[in-house]
Structure formats: C-alpha cells, structure tokens
Amino acid sequence: SLCGEVEAEVAAVLGQPRDAAKVMAEASEMRAMIEKEKPPRDLWDIKLIPGGLIDLEFIAQVAVITGQVGAGPRVTGTAEILSRLSPGFANAGARQELFDAYALYLALTQMTRLCLTGAFERDDVPPGLSDLLLAVTDLPDFGVLEAHLKETSQKVRKDFDLLLRAG
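FYI, the numbering for the sequence shown is 2 to 168, going by this note's numbering.
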C-alpha cells in the first residue's frame with residue numbers, strides 16, 4: 002500500500018546514520034538564531050520564550066533525527082516523542098519535566114486561543130480567562146501561575162542546554 006511505502010521510506014531516511022553532535026550543535030544554533038531574530042514579547046509568549054514550545058520541539062526533533070526515541074511504533078506528536086525519549090538521551094526526570102511542560106504549554110495556549118482573538122496581554126486579561134487558566138492548570142491564583150510558568154520554562158531551558166548543547 003502507499004501508506005506502507007511512505008512509512009518504509011520515512012523509516013529508511015530516519016534510520017540513516019547521523020553525526021549526533023553535529024545535529025545537536027546545528028539545532029542549538031538554529032534555536033539561538035530564532036531567539037535573536039524573534040525575541041519573545043514576554044513570559045506569556047509561550048512559543049518563543051527560552052524554554053518554551055520551540056525548545057521542546059527542537060528537543061523532540063533532534064531525538065527523532067538522532068534515533069533517541071524508545072522502541073515501539075513510530076510516533077510523530079511532540080508529547081509522545083518527549084515521553085519516549087531514550088534513557089541514554091534523557092533520564093526519567095528530564096522526560097517527565099519535558100512532558101509536563103508540553104502539557105502545561107498546550108493547555109495554556111489552547112485556552113488563550115479559544116478565548117482571545119489577538120495576542121495575550123498580561124495587563125489586560127479578562128477575568129473569565131484568568132479563571133479558566135487557573136482551572137486548567139489547577140493553580141490557586143495568577144501570581145502562582147506566572148511563577149509556575151517561569152519555573153517550567155527555566156527547567157526546559159536547562160534540559161535543552163543539557164540535551165542539545167552538551168553534544
């Protein structure tokens with residue numbers, strides 16, 4: 002079948018030997034370039050903040066390209082990839098941190114996209130939206146949510162540095 006042929010071709014391409022250190026260095030350079038060219042607006046720019054969604058995507062894609070995803074059927078979703086990073090690439094604690102960060106970012110991003118037509122403005126959050134963000138994260142108040150978001154992004158950036166910049 003065509004799907005089978007495509008899957009086989011993708012597996013063959015991903016299975017080719019690669020210089021992992023080079024891939025990691027190039028990914029790290031690309032991330033630094035994005036950070037320089039398109040800096041985040043603020044902490045709520047979850048996609049672009051250091052330790053945000055882009056860092057998680059880079060970690061996941063480097064793991065796929067360098068064969069650092071655990072055995073089993075090939076997965077393409079970032080959450081699934083992060084949860085199956087091979088132990089030689091990321092220890093259990095880092096895997097859990099990265100997976101939890103992705104879940105947090107996804108919940109916050111989806112809720113703000115559903116409720117706002119424009120960018121999230123920290124100083125102009127509708128009361129209903131702040132209630133929904135607290136409900137979806139199970140946190141008591143907005144200050145705690147922001148502290149949690151900041152701490153999460155710092156952990157992800159630390160993991161990014163350990164996993165990609167150490168190569």
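Idealized CB from N, CA, C, for every residue including glycine.
Secondary structure, alpha helix (DSSP H): runs of 4+ residues fully inside the segment 13-67 | 21-38, 54-66
Taking the DSSP output, what are the residues bridged to Val126?
-> According to DSSP, Val126 bridges with nothing at all.
Under 8 Å, do Leu57 and Val70 count as touching if we go by C-beta distance?
-> no
C-alpha distance - Leu117 paired with Asp46, whole-angstrom precision | 14 Å
What three-state label does DSSP hand Val70 in the structure shown?
-> strand
To which residues of the same chain is Val65 closer than 8 Å at the C-beta, ignoring the five residues directly before and after it?
-> Leu15, Ile82
Return yes when the Cβ of Phe161 is within less than 8 Å of the Cβ of Ile60, no when it is not.
-> yes
DSSP three-state assignment for Leu107, whether helix, strand or coil = helix
Given 8 Å as the limit, is there contact between the segment 93-102 and the segment 146-166, that is, 3 or more CB pairs closer than that?
-> yes
Candidates Leu133, Met31, Leu109, Ala104: which alpha carbon is nearest Ala80's?
-> Ala104
Among Arg158, Asp20, Arg123, which residue has its Cα nearest to the Cα of Glu147?
-> Arg123
When Ala108, Lys23, Gly119 are compared against Leu140, the one with the closest alpha-carbon | Ala108
Can you tell me the Cα-Cα spacing of Ala91 and Gln111, whole angstroms?
-> 27 Å
Which residues in the same chain as Arg19 place their Cβ atom closer than 7 Å to its Cβ, once the five residues preceding and following it in sequence are excluded?
-> Ile66, Thr67
In terms of alpha-carbon separation, which member of Arg75, Pro51, Pro128, Leu135 lies closest to Thr153?
-> Pro51
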